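Chains as they are written, first to last, in the numbering used here: chain G, 1 to 354; chain X, 1001 to 1354; chain S, 2001 to 2354.
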């Protein structure tokens, strides 16, 4: 684990007037880079050859670094080069997936926005559950073995691979059949009650500088093949069985019933407060609480993402919610840059970077 | 019934330069308060203790009044206090639901934006149907008893409780079984043909000052559990029966095929024209015509909401439609404030407040 | 076929300072007219009597021409009148549908934005397939006769009637039953594999002036009755069979997973490059590649629309994507006007009009 003090030392050497915002070219990089630019930062996008076209075509990133593999960012020379340019790195879901939580904790010497201590709590399902339960959040029942399954459940596998391989089952028999079919033998898995209701993904931002947890926007995910399967009428599907899968392919904007917002806001605030008790500094910056709202208007949470989520890409020009908080279009990407700018001005950059 | 003249007298005593816009903290209050602020008004939010967090967190409402129960707004002292502050109250769905149509008609002495005479026509399904039919609008077949059910129907119960308890039935037997299951014995209900097509909720605004009915935006509702149920494939659902419910939990933005807009605009205009024949002043301000579009591109209407609907919350920063009409972001909430501002300027506030 | 040189001659006679943008009142006319106005053009809307209300109500079109039938635009006098006003006509889906591709090619003497040579390639399914395959795009398997059907297929009929009459079938028997039921005997049809996944309709704009293919926005279609059918649980639908239909009634906004954008952008660029080899000038201006994304994140294309599509109506005030490219709200309609303005300034109007 790279120590906070090591990052602080690096930050102290930074030319605070030339801080550059960099990110990996995928996931929410367009938004992060545009947001940084809107706040006046110089930007760098580090992308794999096959993805560079996106940042060329949309003309973002003052500087473009092309690498062969995302793990190349662990390379000492690349890291030194970025540190020389006073880079603050913005992590996102693909970054964590491609580079690996352990590698980030142990090998990324570049100052990163947010708190890398959260990775331990986010990447382990048991620790994550512990955190959320401590925050007073209602979660779906967890089944520790297939024998216990007594209702509809979702079976999930580790890693943020965008829902790949998840499946539904009603009982042990179905569970076993699908494990076999999916060739999941011997793999780790988690079995969670499948709560029926409307999915809701509120996007939060916790600002240590303002001591405030903001709710900036909300989305639902657009998943393949499930969101295509629903459009095949059951009469036609019968005798034509296709297993549903839950691979995220995009996002759709929503707003929530206003009387749900107290629950939504309190969840966000409680998660932040609890995090401070669990690890130093606690949760910093953007996060998303993946939840489902039942017909009794009760919100149940099945996961937390302790970083910017791709659903925020819908709101590059602001959301209905962020428009209330800010008088200018405020995406989550721009909000991150705004927090960094504000911290630099107040001499508090160490409070939001690790 | 509080007489129009009584409200007019109150209005005459108002300091027209200090008019304050107030609303109940729920439903579309964020939008209403932001819109009022954008138009330069002082604002007050009156909220129940458990909902106050929303208006604190989003930092809206120049003044905040916290009450124990929404019916407390009927209290003489609170009303006098608000009248002393030159308040115009903006009603919305939750306001009508929490306070009750009868209470609003008989006890709210505070000048309210819009025409409270519409409440009688909106809250009674038969009067509402009468109004819409007179306006030349196509409605689903109505069944006066379960015996008559000969197709798929939706059974609804009175009150704007966001779709709670509604159910589908194909025949008398299913109707009886579900009434029993839902413990709805002895309650009032309405049985409506369930027209299959795409739901569409256009948001209108009738301006008496401009003599114009505007179509400002459009949404679809995001309902629990039905919009979650659709994502469980039929093969899995079989033997795992869950009754659908239709509780509104949020909203999703849409635009309509442009060739449907003549129908949509004419519906709005006809509803307003007809209202003028049914009750003095007629419909004033925002309303929504809940409709479904069949595969033959015919729009059928199953309900009208004669006030701001929560679907407009999607468009706090303007909608594709409102952007054509206005050169600045125009939500329905802001449109209300704009009408009030305009009426104050022209000395016509009595034409839009009752 | 009206020759390019004839159009060029007309253009040469135009008063370049008084160019007027005109379109047919339907489909995306609101957007086109607003966009043209935003770029400083005078505008004309030509609409059928029953649709004129839309353009009156939204107050677009500096001049309004009302005609009885959209084919009246073929009338020499109307065309001359428009040419006298230095009109550049913006074609859209309804224009092609109402007037007919052949009529447009042979009889429209008014300079049209884009390249009318594309109509031949777009209106013929075989030529269209040829074009897309040459561009390296993956398409669903095509079945040349009902006998060959060995999986779920979608059966489509010619003409851009917004999905009317399309149906699903799993085998020859179902195909025959539905052809009979839909009274489609003797009609032309195409049988395409029904690829299961999330539908995605990216909206592109190819600018010959900037030599750039932009991706401006993305939508999904909201179709009747299929998107209503999905909300009827299978348990209720059983014994209550309704055939799905796919008539477009509106659009819903989406963004795509960022790691899909290389595929999306390359498809757009390849389609443009290939078009240049197939016909002079190639594809110019807006187009949409109707596609589906499988659970393996592979994009399959089932159609191309080589003109502005109605899904862009969602983004009259800009999209998340167009906001990255432009610092002002850039709809596809406005992008068209911007290209015309730019071409006029550079003396290159002949490169983008035919």
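By construction, the Cβ of each residue, glycine as well, lies at the ideal position given by its N, Cα and C atoms.
These numbers were taken from a predicted model, which means no experiment stands behind them.
Residue 2289 of chain S versus S:2331, S:2263, S:2202, S:2171, residue with shortest Cα-Cα distance: S:2202
Spatially closest choice to residue 58 of chain G from S:2340, S:2048, S:2085, S:2261, by CA coordinates: S:2261
7 Å Cβ cut-off: residues of chain S touching residue 1256 of chain X: 2249, 2250
is_contact[residue 295 of chain G, chain X] using C-beta, thresh 8 Å: yes
Proximity of residue 2285 of chain S and residue 2113 of chain S at Cβ, strictly below 8 Å: A contact, by the Cβ cut-off of 8 Å.
Contacting positions in the segment 2258 to 2288 of chain S - beta carbon closer than 7 Å to chain X: none
Local Cβ density within 10 Å of residue 133 of chain G, reported as buried at 16 or more and exposed below that: Classification of residue 133 of chain G: exposed, given that the 10 Å Cβ count is below 16.
Residue 1094 of chain X, DSSP secondary structure in three states: Residue 1094 of chain X falls in the helix class under three-state DSSP.
Assumed close pair residue 230 of chain G, residue 2293 of chain S - CB separation to whole angstroms, cut-off 8 Å: Wrong, their Cβ atoms sit about 15 Å apart, outside the cutoff.
Members of the segment 2185 to 2203 of chain S that neighbour chain G once the beta carbon cut-off is set at 9 Å: 2194, 2195, 2196, 2197, 2198, 2199, 2200
Inter-residue Cα distance where the pair is residue 357 of chain G and residue 279 of chain G: Chain G is shown only over 1 to 354; residue 357 of chain G falls outside these bounds and no answer can be derived.
Rounded separation between residue 1281 of chain X and residue 1350 of chain X - CA only: Straight through space, the alpha carbons of residue 1350 of chain X and residue 1281 of chain X are spaced by roughly 10 Å.
Within the segment 2091 to 2151 of chain S, ranges of the alpha helix (DSSP H) (whole runs, at least 4 residues): Listed in chain order, they are 2093 to 2099, 2101 to 2107, 2118 to 2123, 2125 to 2134.
Same chain, Cβ closer than 8 Å to residue 1257 of chain X, five either side skipped, listed in chain order: 1297
Pairwise C-alpha distance: residue 144 of chain G and residue 1120 of chain X: 56 Å
Cβ-Cβ separation, residue 244 of chain G to residue 225 of chain G (assumed contact under 8 Å), whole Å: 7 Å
Status (buried if at least 16 other CB within 10 Å, exposed otherwise) for residue 1158 of chain X: exposed
Contact with chain S by residue 89 of chain G, beta-carbon distance below 8 Å: no
Ranges of the beta strand (DSSP E) found wholly within the segment 1206 to 1246 of chain X, counting only runs of at least 3: 1212 to 1225
Sequence ranges, beta strand (DSSP E) only - wholly within the segment 2269 to 2332 of chain S, length at least 3: 2285 to 2293, 2299 to 2305
The ligand SAM heavy atom lying under 7 Å from the CB of residue 1248 of chain X: Within the structure as shown, the ligand SAM is missing, as the structure has no ligands at all.
8 Å Cβ cutoff met for residue 1205 of chain X and residue 1214 of chain X: yes
Minimum Cβ-Cβ distance from residue 2111 of chain S to chain G less than 8 Å: no
Euclidean distance between Cα positions of residue 2004 of chain S and residue 2353 of chain S: 9 Å
Short CB-CB distance (under 8 Å) between residue 2050 of chain S and chain X: The Cβ of residue 2050 of chain S sits closer than 8 Å to at least one Cβ of chain X.
Beta carbon proximity, residue 1245 of chain X to chain S, threshold 8 Å: no
Nearest-angstrom Cα separation, counted from residue 2303 of chain S out to residue 52 of chain G: 27 Å
When G:254, G:30, G:337 are compared against residue 2324 of chain S, the one with the closest alpha-carbon: G:30
Rounded separation between residue 326 of chain G and residue 2170 of chain S - CA only: 53 Å
Through-space distance from residue 2187 of chain S to residue 2160 of chain S, alpha-carbon basis: Reliability fails at residue 2160 of chain S, whose pLDDT of 48 lies under 50, so the model's placement of it is uncertain and the value that follows must be treated cautiously. The straight-line gap from Cα to Cα measures roughly 15 Å.
Simplified DSSP assignment, three categories, for residue 2170 of chain S: coil
Residue span of the alpha helix (DSSP H) that contains residue 1074 of chain X, given as start and end: Residue 1074 of chain X -> no alpha helix (DSSP H), and no H or E assigned at all.
Other residues of its chain near residue 1962 of chain S: CB distance less than 7 Å, five sequence neighbours each side excluded: The requested residue 1962 of chain S does not occur in the structure, where chain S is confined to residues 2001 to 2354.
Cα-Cα separation between residue 2155 of chain S and residue 2166 of chain S, rounded to whole angstroms: 6 Å
Beta bridge counterpart(s) of residue 192 of chain G as assigned by DSSP: DSSP lists G:142, G:154 as partners of residue 192 of chain G.
Euclidean distance between Cα positions of residue 2035 of chain S and residue 60 of chain G: 25 Å
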